[in-house]
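Asker: Can you read through this structure? Questions will come right after.
Number of protein chains: 2
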Amino acid sequence: MAGFKHLVIVKFKEDVVVEDILKGMQKLVSEIDAVKSFEWGQDIEGEEMLRQGFTHAFLMTFEDKQGYTAFVGHPCHVEFSATFSTAIDKIVLLDFPSVVAKAAT
Amino acid sequence: MAGFKHLVIVKFKEDVVVEDILKGMQKLVSEIDAVKSFEWGQDIEGEEMLRQGFTHAFLMTFEDKQGYTAFVGHPCHVEFSATFSTAIDKIVLLDFPSVVAKAAT
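Chains A and B supply the protein sequences, listed in that same order. The numbering of the first sequence is full-length UniProt numbering, which starts it at 1 and goes up by one. The numbering of the second sequence is full-length UniProt numbering, which starts it at 1 and goes up by one.
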């Protein structure tokens with residue numbers, strides 16, 4: 001699915017229970033219809049130098065930019081973000097219309 | 001599609017013609033069967049502070065880790081990487097088995 005993407009890569013603080021964060025995120029995306037799909041992953045084998053301390057990637061897909069904007073302003077997202085921001089050591093966010101250059105067959 | 005993901009986020013050097021890089025990448029993924037899907041995007045509106053200079057995200061999907069390993073060792077990838085690495089100012093790579101927490105409907 002192309003659509004509009006919200007990509008978050010993070011390094012969590014050392015004392016953070018990542019499972020709790022994931023549960024909150026799972027609840028968040030299930031509550032907000034504008035989130036059309038959500039997948040995530042943890043890099044456990046990449047080269048440390050290349051991932052520069054980042055360990056987790058979270059990728060949400062929206063139908064379009066309007067869907068993303070609705071998500072960002074949603075009260076559940078605002079509440080979640082406040083908690084999430086206390087858990088992170090480093091973060092990079094990228095938001096972009098996705099270009100599908102090779103489609104899954 | 002879940003599978004194994006190869007996520008690359010970059011900031012290109014200032015004098016780089018990104019269109020040329022994209023053409024090379026498009027050729028690369030079309031040449032290598034192990035790449036099941038490929039999408040990318042350019043963040044043109046996110047907050048500079050949150051994207052920390054990174055501008056582009058590239059996301060490739062493989063059936064499994066073996067597919068990814070085949071891609072990495074493929075002569076076309078080795079050749080492309082040599083060129084690509086000269087074009088980048090900053091890069092983060094994350095490779096991970098994807099967990100689909102909300103599927104596209």
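Even for Gly, the Cβ is constructed at its ideal location relative to N, Cα and C.
Which residues of chain B have a Cβ atom closer than 8 Å to the Cβ of residue 66(A), listed in chain order?
Answerer: Position 66 of the first sequence, counted from the first residue, corresponds to residue 66(A). Neighbours of residue 66(A) on chain B: none; closest Cβ ~13 Å, over 8 Å.
Asker: Confirm, please, whether the CB-CB distance from residue 59(A) to residue 45(A) is below 8 Å.
Answerer: For this step, residue 45(A) is matched to residue 45 along the first sequence. For this step, residue 59(A) is matched to residue 59 along the first sequence. Going by C-beta atoms, residue 45(A) is not nearer than 8 Å to residue 59(A).
Asker: Exposed or buried, which one is residue 20(B) when buried takes at least 16 other CB atoms within 10 Å?
Answerer: Translated into the one-based positions of the second sequence, residue 20(B) becomes position 20. Flag for residue 20(B) reads exposed.
Asker: Please state the DSSP three-state secondary structure of residue 69(B).
Answerer: By 1-based counting over the second sequence, the position of residue 69(B) is 69. Correct three-state label for residue 69(B): helix.
Asker: Sort out for me which residues DSSP pairs residue 41(B) with in a bridge.
Answerer: The residue you call residue 41(B) lines up with position 41 of the second sequence. DSSP lists 57(B) as partners of residue 41(B).
Asker: Which residues in chain A sit within 9 Å of residue 43(B), going by Cβ to Cβ distance?
Answerer: For the purposes of this step, residue 43(B) is taken as residue 43 along the second sequence, with counting starting at 1. Under the 9 Å cutoff, chain A gives 7, 93, 94, 95 and 96.
Asker: Tell me where the alpha helix (DSSP H) around residue 34(B) begins and ends.
Answerer: Reading the second sequence from its first residue, position 34 is the one you call residue 34(B). Segment: none, residue 34(B) is in no alpha helix (DSSP H) and carries neither H nor E.
Asker: Could you name the residues of chain A that residue 61(B) contacts, counting a contact when the two beta carbons are closer than 8 Å?
Answerer: Residue mapping note: residue 61(B) aligns to position 61 of the second sequence, counting from 1. Those are 104, listed as they occur along chain A.
Asker: Return the first residue and the last residue of the alpha helix (DSSP H) that residue 78(B) is part of.
Answerer: Mapped onto the second sequence, residue 78(B) falls at position 78. Segment 75 to 87, the alpha helix (DSSP H) holding residue 78(B).
Asker: Among all the DSSP beta bridges, which residues are the ones paired with residue 22(B)?
Answerer: Taking the first residue of the second sequence as 1, we reach residue 22(B) at position 22. Note: residue 22(B) sits in no beta bridge, so no partner.
Asker: Give the secondary structure of residue 106(B) by DSSP, where H, G and I count as helix, E and B as strand, and everything else as coil.
Answerer: Outside the displayed range of chain B (1 to 105) lies residue 106(B), so it cannot be described from this structure.
Asker: 8 Å is my cut-off, CB to CB: does residue 10(A) come that close to chain B?
Answerer: Numbered from its first residue, the first sequence carries residue 10(A) at position 10. No, its Cβ sits nowhere closer than 8 Å to a Cβ of chain B.
Asker: Pick out whichever of 12(A), 28(A), 63(A) and 4(A) has its Cα sitting closest to the Cα of residue 77(A).
Answerer: Working through the first sequence from its first residue, we reach residue 77(A) at position 77. Of the candidates 12(A), 28(A), 63(A) and 4(A), the one whose C-alpha sits nearest the C-alpha of residue 77(A) is 28(A).
Asker: With a threshold of 8 Å between beta carbons, is residue 73(A) in contact with chain B?
Answerer: Locating residue 73(A) in the first sequence gives position 73, counting from the first residue. No, residue 73(A) does not count as interfacial toward chain B.
Asker: Grab me the residues of residue 92(A)'s own chain with a C-beta within less than 6 Å of its C-beta, minus the 5 sequence neighbours each way, in chain order.
Answerer: Translated into the one-based positions of the first sequence, residue 92(A) becomes position 92. Once the five neighbours on either side are set aside, the close Cβ partners of residue 92(A) are 9.
Asker: Does any residue of chain B bring its CB to less than 8 Å from the CB of residue 81(A)?
Answerer: As a position in the first sequence, residue 81(A) is number 81, starting the count at 1. Answer no: the Cβ-Cβ gap between residue 81(A) and chain B never drops below 8 Å.
Asker: Can you confirm whether residue 2(A), when its beta carbon is compared against all beta carbons of chain B, has any partner nearer than 8 Å?
Answerer: As a working mapping, residue 2(A) is identified with position 2 in the first sequence. Judged by the 8 Å Cβ criterion, residue 2(A) is in contact with chain B.
Asker: Just list the residues that DSSP pairs residue 8(B) with in beta bridges.
Answerer: Taking the second sequence and counting its residues from 1, the one referred to as residue 8(B) is at position 8. Note: residue 8(B) sits in a beta bridge opposite 58(B) and 93(B).
Asker: Which residues in the same chain have their Cβ closer than 6 Å to the Cβ of residue 64(B), if we skip the five residues on either side of it in sequence?
Answerer: Residue mapping note: residue 64(B) aligns to position 64 of the second sequence, counting from 1. The residues are 4.
Asker: With distances taken Cα to Cα, identify the nearest neighbour of residue 41(B) among 104(A), 99(A) and 103(A).
Answerer: The residue you call residue 41(B) lines up with position 41 of the second sequence. With distances taken between Cα atoms, residue 41(B) lies closest to 99(A).
Asker: Comparing alpha-carbon positions, which option in 55(B), 57(B), 47(B) and 33(B) lies nearest residue 66(B)?
Answerer: As a first step, residue 66(B) is located in the second sequence; it is residue number 66 there, counting from the start. The shortest Cα separation from residue 66(B) among 55(B), 57(B), 47(B) and 33(B) belongs to 33(B).
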